[in-house]
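Undergrad: These protein sequence lines map, in sequence, to chains C and W. The numbering used here numbers the first residue of the first sequence as 7 and each following residue consecutively. The numbering used here numbers the first residue of the second sequence as -11 and each following residue consecutively. Even for Gly, the Cβ is constructed at its ideal location relative to N, Cα and C. First, the structure itself, so that you have it in front of you.
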Amino acid sequence: MIVFKDVGLVYPNGVHALSNIDLELGRGEFVFLVGGSGQGKSSLLKCIYREVEPTTGEVDIDGVPLRGIAAGQIPFLRRKVGVVFQDFKLLQQKTVWENVAYALQVTGASSRDVMRRVPRMLELVGIAHKSKMFPYELSGGEQQRTAIARSLVNNPLILLCDEPTGNLDPETSNEIMALLARINAKGTTVVVATHNQAVVDRMRRRVVRLTNGRIANDQERGHYHIGLG
Amino acid sequence: MDWGKVRFFWAEVAQNFTRNLTMAVTAVGTVAVSVVLLGTILFLHESFAIFMKQVVGQVTIAAYLKDNTPKTQVDGTLRVMKSDPRVETVTFVSKKQAMDGLRDRLRGQMNLNLINSNPLPDAILVHPADPNDSGSIAKRLQGLPAVASVNYRSDITEKLLRVESVLGAVGLGVVSLLLAATALLIYNTIRLTVFARRSEIHIMQLVGATHWTVRWPFVFEGILTGVAGAVIGIALLEFAYRTFAPRIAIDLPFLPFNFAVVPVGVIAFELLCTGALVGMLASMLSVSRYLRSS
């Protein structure tokens, strides 16, 4: 589903974010990316949703090489990839329902489609009863559920989560991770970049550790401290 | 028609427009002022053009023929002029017709019995299709063997044509500056709106909105700004026209302009289209530049 072939990324300011990344993530896999701040987790995710273009190497998504992809094709790639952030990135002046519907509306979905898919998605993430509320009226966990609903409403093949529990208490973090596991069980490939040792150790999924922009360790059913000795 | 989509689209446009209301109102006001100035220039230009058409359009080149020119040579001269594509009409005026005309004009002003000889020559009157060709046609006539001299009031015609071209160039310069200033203001307004909505644009891009989906609401905001400003400007011009045009006609009757025949409807339509076009181009440029850099 996602293939990195000898990928390197150097930002315009000269920072080497990624070096020699060779990685293959299968369809329906659940993968944790772990490592300290500035080790390249977010940069690796950005290469997948094409926020940045690798300086060297090749990234393939669902069999499509991203190198040299036309600018006009990037939006269509992004419809295959949902993204969830630590700070939720919700539109504060729109309700929960409108935030989720927005992702459909801007991709040109018909209003019938919007009416059909939004309630289903809100139901899936367990926030249907708060659909008329605004983000600032919700708890952190509820906001993250809204963000997950928005990222899933276009039925992406891949869900990328950049520190999804970074702003949440442990109990809410567990709920969000359980939700991500449920989404993964339906066939969506889930990649989670996280610092949250507790959830990584409890879920025991594939763990990829990044250190100085390189893959230091990659283990099936791993734990947070893999490769740290 | 999917009304849900239409509603969503216009809600986005309205949100853009109201997000920076002060800036939007300033932009609309600037467009209105530009349209008033532009409209005034267009109006005066049209008035002058109509006046020019009336005055310069009557330019006639008179070619006086040599005495005792054989009829075949006169006919040849007439043929040469009639076959010239720059010439609209050619009329032969004989000595006798010229004298009859002079007598008619002087009747009652002097004793016509005092005129007992005819010093006037045969003449050919040539009316050019374009007054700008008067000089070259006169030159050609001058070169024909039957022609003694040519008169076409070259001084007045050329002066008027020069005034027209200078006024046209100055008007074009002022209009260009005004349009550039208007476009710059709309460009900045849209840039501020884009900046205010950057997080939304980022989210739109993340969920797979195409560049055009992002662009359209901003482009329509630009068009709306242009059209709103143009409508206000046209309303002010219309008010000024209704108030002052009849008064000028009465109070300053010596002015050679006839404001009543100026096509104000056409000018209003041109101004509206200009407002919309400037708004559209400025906003497209602004949002495209942001999208390229993001």
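Is the distance from the Cβ of A218/W to the Cβ of L167/W below 8 Å?
TA: Taking 8 Å as the Cβ cut-off, A218/W and L167/W do not qualify as a contacting pair.
Undergrad: For Y230/C, count the other beta carbons within 10 Å of its own beta carbon; 16 or more makes it buried, fewer makes it exposed. Which is it?
TA: Y230/C comes out buried.
Undergrad: Taking Cβ positions, are L50/C and L216/C nearer each other than 8 Å?
TA: In this structure, L216/C lies closer than 8 Å to L50/C by Cβ.
Undergrad: Under 8 Å between beta-carbons, which chain C residues line up against A184/W? List them in chain order, please.
TA: Within 8 Å Cβ-Cβ: nothing; A184/W doesn't reach chain C, min ~11 Å.
Undergrad: Report yes if the CB atom of G214/W is closer than 8 Å to the CB atom of G159/W, and no otherwise.
TA: Cβ atoms of G214/W and G159/W: not closer than 8 Å.
Undergrad: What residues in the region 117 to 144 of chain C have a beta carbon less than 9 Å from any beta carbon of chain W?
TA: Listed by position, the residues of the region 117 to 144 of chain C near chain W (Cβ gap below 9 Å) are S117, R118, V120, M121.
Undergrad: Cβ of T178/C within 8 Å of Cβ of G147/C?
TA: Their beta carbons are under 8 Å apart, which means T178/C touches G147/C by this criterion.
Undergrad: Going along the chain, which residues of the region 163 to 191 of chain C sit with their C-beta nearer than 7 Å to a C-beta in chain W?
TA: Those residues of the region 163 to 191 of chain C that come within reach of chain W (Cβ to Cβ, closer than 7 Å) do not exist; the list is empty.
Undergrad: Looking at V135/W and I49/W, is the spacing between their C-beta atoms short of 8 Å?
TA: It is not a contact, given that the beta carbons lie outside the stated cut-off.
Undergrad: K100/C and Y108/C - do their beta-carbons sit closer together than 8 Å?
TA: Closer than 8 Å, so yes.
Undergrad: Spatial neighbours of D72/W within its chain, please: C-beta separation below 8 Å, excluding the five flanking residues on both sides.
TA: Excluding residues within five positions, the ones whose Cβ falls inside 8 Å are I125, R128.
Undergrad: Within the continuous beta strand (DSSP E) that includes P116/W, where are the two ends?
TA: Unbroken beta strand (DSSP E) run through P116/W: 111 to 116.
Undergrad: Find the residues of chain W that neighbour G114/C, judging by a C-beta separation of less than 9 Å, and give them in chain order.
TA: Simply K(-7), A197, T198, T201.
Undergrad: Where do the ends of the alpha helix (DSSP H) carrying S137/W lie?
TA: S137/W -> not in any alpha helix (DSSP H); beta strand (DSSP E) instead, spanning 135 to 139.
Undergrad: What are the boundary residues of the alpha helix (DSSP H) that I189/W is part of?
TA: Note, I189/W: alpha helix (DSSP H), 186 to 194.
Undergrad: Using a Cβ cut-off of 8 Å, pull out every chain W residue sitting near R84/C, in sequence order please.
TA: Neighbours of R84/C on chain W, chain order: Q193, L194, V195, G196.
Undergrad: Just checking: is the beta-carbon of Q111/C within a distance shorter than 8 Å of some beta-carbon in chain W?
TA: It does; some Cβ of chain W falls within 8 Å.
Undergrad: Taking beta-carbon pairs under 7 Å, can you tell me which members of the region 14 to 34 of chain C lie near chain W?
TA: Correct list: empty, as no residue qualifies.
Undergrad: Report the option in E30/C, V102/C, V58/C whose CA atom is closest to the CA atom of I67/C.
TA: The shortest Cα separation from I67/C among E30/C, V102/C, V58/C belongs to E30/C.
Undergrad: My assumption, with CB atoms under 8 Å, is that I189/W sits in contact with G210/W. Please give the rounded CB distance.
TA: Contact flag wrong, Cβ pair sits at about 16 Å.
Undergrad: Starting from the C-beta of T14/W, find all residues in its chain whose C-beta is less than 8 Å away, skip the five residues before and the five after it, and write them out in chain order.
TA: Within the same chain, T14/W has close Cβ partners L173, T177.
Undergrad: For E188/W, decide whether its Cβ has a neighbour in chain C, counting only Cβ atoms nearer than 8 Å.
TA: Yes - at least one Cβ of chain C is within 8 Å of the one on E188/W.
Undergrad: Could you give the distance in angstroms between the alpha-carbon of P60/C and the alpha-carbon of Y17/C?
TA: Near 9 Å, if we compare the C-alpha coordinates of Y17/C and P60/C.
Undergrad: Just mark D12/C as buried or exposed, buried being the case when its beta carbon has 16 or more other beta carbons within 10 Å.
TA: It is exposed - the Cβ of D12/C has fewer than 16 other Cβ atoms within 10 Å.
Undergrad: Between K11/C and chain W, is there a C-beta pair that is closer than 8 Å?
TA: No, no contact with chain W.
Undergrad: What is the DSSP secondary structure of M139/C, counted as helix, strand or coil?
TA: M139/C: coil per DSSP, three-state reduction.
Undergrad: Comparing the C-beta of V213/C with each C-beta of chain W, is any distance below 8 Å?
TA: No, V213/C lies away from the interface with chain W (no Cβ there is under 8 Å from its Cβ).
Undergrad: For V70/C and chain W, any beta-carbon pair shorter than 8 Å?
TA: Not closer than 8 Å to any Cβ of chain W, the Cβ of V70/C fails to qualify, so no.
Undergrad: Along chain W, which residues have their Cβ under 8 Å away from the Cβ of N160/C?
TA: In chain order: V195, G196.
Undergrad: Would you tell me roughly how many angstroms separate the C-alpha atoms of E64/C and I154/C, rounded to the nearest one?
TA: So the two alpha carbons sit approximately 28 Å from each other.
Undergrad: Using a Cβ cut-off of 9 Å, pull out every chain W residue sitting near K95/C, in sequence order please.
TA: Correct list: S187, H190, I191, L194.
Undergrad: Which residues in chain W sit within 8 Å of V65/C, going by Cβ to Cβ distance?
TA: Neighbours of V65/C on chain W: none; closest Cβ ~17 Å, over 8 Å.
Undergrad: Nearest to W204/W by CA position, among E0/W, W(-9)/W, D(-10)/W, is which residue?
TA: The residue with the shortest Cα to Cα distance from W204/W is E0/W.
Undergrad: Pull up the distance between the alpha-carbon of I171/W and that of A270/W, whole angstroms please.
TA: The question names Ile, yet the displayed sequence has Ala at residue 171/W. A171/W and A270/W: Cα-Cα distance of roughly 5 Å.
Undergrad: If you measure between the beta carbons of D(-10)/W and S137/C, is that distance less than 8 Å?
TA: Not in contact: D(-10)/W and S137/C (Cβ atoms no closer than 8 Å).
Undergrad: Measure the alpha-carbon distance for L224/W versus V16/W and round it to whole angstroms.
TA: Rounded to the nearest angstrom, the two C-alpha atoms are 14 Å apart.
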